[in-house]
Structures are given as C-alpha cells and as structure tokens.
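Structure, as structure tokens:
Residue numbers (the UniProt record's numbering): 1 to 494.
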C-alpha cells in the first residue's frame, strides 16, 4: 500500500499555467504519481496598474480547488507551492494568496526571479543529460530565466520581466502575425537581453537547454515534421515565416503545434529568436525538468550526479534484472566497432553515447518475454521515464532496440529525429553486430574483429579459422548478411 508519507508535491503558480507534480521517492529517484496542468493565463488579467482582475483570480482559484483534492493525504511539510512573475508584480496579490492558501491548506511562497532561476537550474541539473557546463533558458508566461552553471552550481542567473503571455498582450494584442509584430517583439526582447548578454557569454557553456513550454512546442513541431531534435536559429526563422504567412493568430496552423500552445507560440518564438541572436546560441535541446523538479529534488535532498544518464541506466538494469555483464560486453564491442569505422562514418560523441545506452538496455525486453523481446524492449523504452534522455533520444533508443535482430524496419529508423536517418541506420548495424559476437555471453570467446567501412559498405575480417571453430555464430553472421542485404546494406565477412 502506498504510504502518504512517501509522497511529495510541488505546485508552480505560473503566469500562463498552473502545474502540480506529485512524486514518491524510489531508491534515490523520483517516480511520478500525478502531473496536472491547467492554462490559467494569470498574466492576461494584469492591467496597466498591475492590478489582477477578479476573473483571472477566479480562474486561478478554480484550478487550485482541483489541486487541493490530490494534496489532502500528503503531509504539509512535503508540499511546496511557489508563485512566480505575475504574483510578484500584482498590487493585489495578497488578495489572491489568502484565498489560495485557504484552498490548498498550505502556504504559498512568492519567490524572487533569482530564486526561480536557481530552482529551474536545479531541476534541469537533476534530470538532463549532456555536459555539466550548461546554459538554461526558460520562457515563462511573465518572465524569462537565463542561467549558466557547472554541475550543481549556478555561475550566473537572471530573471527578465518578459514572457509569452505579456509579449502576446503587448505585441500581438491585435491578433495579427505580421512582420512588424514580430520585429517589435524581437526588438523589445533584444533590449531586455543586451545588458546581461556579455556576462552570460563570459561564463560560457557547452550545451544549451530550454525548459519552457515554447521549447516543448518546438520539439513537438520538429518531431511531427521529421526534423532532428536540435533547435537552431534557422529553424526558428522558418517557423516565424510560416506564422507570418498564416496572418492571424486564429488562423495559425503549423504541423505539430497543438491548439493549446498556439495562442502564446508566436510571442514565445519572438523571445527565443532574440535570445539565440543576442547570445550567439548554436543549438538548443529540451530539458528533462525545470522548476517543479527543482522543488521536489530540493525537498528530497538528493545529490546531483555528474552523469544523470549513468544513474538512469543503472536503475533500469536493476529494476528489470538486466544482465549487466552481458550488457557491458555488447557495449564494449559496439564501442570498438564505432571507433574502427569512425574515420568513414564520423559518429560524434553524442551518437556514440546513445549507442552505449542502447547496448546497456538492449535485453530489457526479456523481462517481459523472450518471444518478441525486441518489440517489448522498444515499448518499454518509449514509455519509461528516463531522466537524462530527451523524448527524441528515447525514440531513437526504442527504434534501435526494435531493430536489434532479424528483419530491419527502415521506416522506424527514419521516423526518429534524434539523429539523421542514415546515422540511425549505422548505429543499428553496429548494435546488431555487437549482439551477435557477444552471444556466447563470455569474455574469453570474443574475437579480434576488424571492421572497415567504405561509405555504407561494411567488411568484417576475422582471425583465421574462427568461423569454422564457431559454427553457430558463423551461421548468425551469414543470416545477418542476408538481413542487411534485404535493405540494401552491404556486409561482407572474411
């Protein structure tokens, strides 16, 4: 039976949406129990005198009544409720807060922009893979947070009074998506960012991650349109031109953009374009968590691992009783193969890391059933919470595991968008070969394989007499040559 004392809740009263996250701690990780989000658009209720309208407050209270039922069985000391930009600004915020606290039965803390930025960074650090030296961008409804950090420590943090709801009201209030609307919105954002840009650039970063609804919407659009997951200025400019072609907010149609996100998407897009331009950002990916995760991990006092993905992979192996020694055997072989073909195939560190991860989880499907194990593996990876991996990376891993043996499905390899389809095909080939050579599940039977790549032609060279001494694996390699030939991949064994 689930004890209420093991539950923790974090509530974020944002300017655009109210969010609630309920989790429980499981072996040093958090397991999500409930996640509720409602569009309240509190910032839209602020007038020119920073007075919050009765209608906006009622929308907020109505949402909190929904949240309150979920909170009733959770100890008060394991609940954190924070309010951000709009309630920092509202002259009559106290009126809203008094009723909100009565509804929830616990205090609501209006946090400063600096505290909000710090909590967002902590949420990202606990849930997002990649380099420890990062720039975090969060475009909220009423404020935008920009934070640099290394590991668990922030090195600079800023909260700017601009957001997708306030910019919507200010620059797209006529509901037109004209070039002039975007220019005004971008110039205003540039003016906000310019005074702090030099300090942010001075700190530097190796990866840039976005933790906002705008970035989430961009990921959904790119996945729907078959683009890779990296957000670039070029892609943002293309989407801006598409919005301008639509002409009006009510007529905005972009494949992958939901109706729920469409209203504030152009305003968020204009802010993000200004951030990219002002800070010379090359690319951005979606963060795994943000403010609410920062609140939860803060309550649990869990340390931030240097490598979030390693922790996730170890937990998956333990939870699904994966043979860790065999997984490492396959990983070692795949890594060796990737190194040998890298001069021709140019697999970067990100790709090799994802190949390692696929190897370490490739037998997860056996926890369901041997029959159809690759399909079980793909299903599990698609639907498991994997901190440190983006949604696109999860889809790639699932695709690789679905194709780890027998027939090859080129369609699913091309449908993922973490890497180009050709790269996904190459990772798939290396994984399949590593699994075949490690099939004896013993270190002392692994041959010294020489793998060469000439464009997409692969050739395997084995020690003299090895094939005769290992007839089962020789047969598996012969079958693999056929499977790969069916999808026009050339593989020769000598």
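The beta carbon of each residue, even a glycine, is placed where N, CA and C say it ideally should be.
- By the beta-carbon neighbour count (other beta carbons within 10 angstroms, threshold 16), residue 54 is exposed.
- For residue 331, the uninterrupted alpha helix (DSSP H) run begins and ends at 324 to 345, by DSSP.
- For residue 288, the CB contacts under 6 Å within the same chain, skipping 5 residues up- and downstream, are 127, 128 and 387 in chain order.
- DSSP, read as helix, strand or coil, puts residue 238 in helix.
- Contact check between the region 190 to 206 and the region 241 to 250: fewer than three CB pairs, one atom from each, fall below 8 Å, which does not count as touching.
- Under the three-state reduction of DSSP output, residue 302 falls in the coil class, being neither helix nor strand.
- With distances taken between CA atoms, residue 30 lies nearest to 315 out of 378, 315 and 154.
- Residue 375: member of the alpha helix (DSSP H) spanning 373 to 383, first to last residue.
- Looking from the CA of residue 269, the closest CA among 216, 255 and 318 belongs to 216.
- As DSSP reads the structure, residue 451 sits in a beta bridge with 460.
- DSSP lists no beta-bridge partner residue for residue 120.
- Per the DSSP secondary-structure output, residue 39 pairs in a beta bridge with 17.
- Residue 286 is not a Cβ neighbour of residue 163, given a cutoff of 9 Å.
- Under the three-state reduction of DSSP output, residue 126 falls in the helix class.
- In this structure, the beta-carbon distance from residue 180 to residue 160 does not fall below 9 Å.
- Here residue 12 is buried: its Cβ has 16 or more other Cβ atoms, across all protein chains shown, within 10 Å.
- For residue 150, the enclosing beta strand (DSSP E) starts and ends at 144 to 150.
- The straight-line gap separating the alpha-carbon atoms of residue 190 and residue 274 is approximately 5 Å.
- When only Cα atoms are considered, residue 50 and residue 222 end up about 37 Å apart.
- In the DSSP annotation of this structure, the continuous segment of the alpha helix (DSSP H) that includes residue 314 starts and ends at 308 to 319.
- Secondary structure at residue 109: strand, using DSSP grouped into helix, strand and coil.
- The region 442 to 453 makes no contact with the region 370 to 378; the number of CB pairs closer than 8 Å stays below 3.
- Here the region 255 to 271 does not lie against the region 424 to 431, with fewer than 3 beta-carbon pairs under 8 Å apart.
- The DSSP-derived three-state label of residue 181 is helix.
- Contact annotation: the region 38 to 49 does not touch the region 309 to 324, with fewer than three C-beta pairs closer than 8 Å.
- For residue 96, the enclosing alpha helix (DSSP H) stretches over residues 93 to 104.
- Cβ-Cβ separation between residue 354 and residue 401: approximately 12 Å, too far for a contact (criterion under 8 Å).
- Apart from the 5 residues on each side of it in sequence, residue 167 sits with its Cβ closer than 8 Å to the Cβ of 185, 188, 189, 267, 268, 270 and 271 in its chain, given in chain order.
- Residue 86 places its beta carbon less than 9 Å from that of residue 15.
- Shown here for residue 244: same chain residues with a beta carbon closer than 8 Å to its own, the five before and five after excluded, namely 177, 178, 179 and 182 in chain order.
- DSSP places residue 158 in the uninterrupted beta strand (DSSP E) bounded by 153 to 160.
- DSSP places residue 24 within a strand segment (E or B) once states are collapsed to three.
- The closest CA to that of residue 381, considering only 371, 370, 369 and 399, is found on 399.
- For residue 22, the closest C-alpha among the options 60, 62, 482 and 76 is that of 76.
- Between residue 317 and residue 360, the CB-CB gap stays under 9 Å.
- In the DSSP assignment, residue 490 is bridged to 457.
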